[in-house]
Amino acid sequence: MALFESSDKFEQVITGFFRFVADIPEIADKLLASKLVIRFIYSEPDVIVVVDCSGDRIEVRPGDNESKAEVVMSMKADIAHQFWFGKVNLTRALTRRDVIAKGPIPRILKLLPAIKPAYALYPRYLEENGYGEYIIY
Numbered sequence: 084m085a086l087f088e089s090s091d092k093f094e095q096v097i098t099g100f101f102r103f104v105a106d107i108p109e110i111a112d113k114l115l116a117s118k119l120v121i122r123f124i125y126s127e128p129d130v131i132v133v134v135d136c137s138g139d140r141i142e143v144r145p146g147d148n149e150s151k152a153e154v155v156m157s158m159k160a161d162i163a164h165q166f167w168f169g170k171v172n173l174t175r176a177l178t179r180r181d182v183i184a185k186g187p188i189p190r191i192l193k194l195l196p197a198i199k200p201a202y203a204l205y206p207r208y209l210e211e212n213g214y215g216e217y218i219i220y
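Convert by adding 83 to the 1-based position in the sequence shown; the result is the number in our numbering.
Below is the structure:
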């Protein structure tokens with residue numbers, strides 16, 4: 084059984100976290116430098132989110148199925164959730180097809196050091212925003 088009981092709940096959690104991270108200059112500046120537009124397609128529950136790093140600030144657009152994205156990342160919501168706790172090795176997940184990536188994979192992997200500080204922020208974000216029941220210990 085999936086951890087998140089509904090698409091709405093997972094969308095609230097993940098888009099809120101992406102927006103939170105987008106306001107942290109040490110992370111956002113590196114993501115903006117990539118100029119990537121990334122579409123995340125989550126399943127169980129189904130959610131689509133575009134993270135657009137092509138402008139002056141990061142835009143997070145839930146439900147955006149129209150924008151052109153250079154990168155498309157598909158995975159179960161539970162895999163994404165575990166990833167933000169630092170519990171998923173992206174290279175291994177790509178190899179095992181737990182995460183399916185379309186687009187310039189080397190550019191995606193280059194972003195890992197930029198987002199690594201977000202792993203420590205995710206549990207804090209969950210706790211401070213009323214999502215403490217989703218914290219993995």
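For each residue, glycine too, the CB sits at the ideal point set by N, CA and C.
(request) Determine the extent of the alpha helix (DSSP H) in which S117 is found, giving its start and end residues. (result) P108 to S117
(message) Less than 8 angstroms between the C-beta atoms of E153 and P187, yes or no?
(response) yes
(request) Provide the residue span of the alpha helix (DSSP H) that contains P196, from first to last. (result) L195 to E211
(message) For L209, count the other beta carbons within 10 Å of its own beta carbon; 16 or more makes it buried, fewer makes it exposed. Which is it?
(response) buried
(message) With a threshold of 8 angstroms, are at least 3 pairs of Cβ atoms found where one atom belongs to the segment 108–127 and the other to the segment 153–165?
(response) yes
(request) Answer yes or no: do V132 and S90 have a C-beta to C-beta separation smaller than 8 angstroms? (result) no
(message) Going by DSSP, what residue range makes up the alpha helix (DSSP H) through I162?
(response) A160 to W167
(request) Enumerate in chain order the residues of its own chain whose CB-to-CB distance from A85 is below 8 angstroms, with the five nearest sequence positions on each side excluded. (result) E127, P128, K159, A160 and D161
(message) Here's the rule I'm using: 16 or more other beta-carbon atoms within 10 Å means buried, otherwise exposed. How should E94 be labelled?
(response) buried
(request) Can you tell me which of D147, S150, A116 and G146 puts its alpha carbon nearest to the alpha carbon of C136? (result) A116
(request) Let me know the secondary structure DSSP gives K170 once reduced to three states. (result) coil
(message) DSSP three-state label for F123, please.
(response) strand
(request) Report the rounded CA-to-CA distance for N172 versus Y217, giving the unit in angstroms. (result) 20 angstroms
(message) Judging by CA-CA distance, which residue of G99, R207, T98 and K151 is the nearest neighbour of K118?
(response) K151
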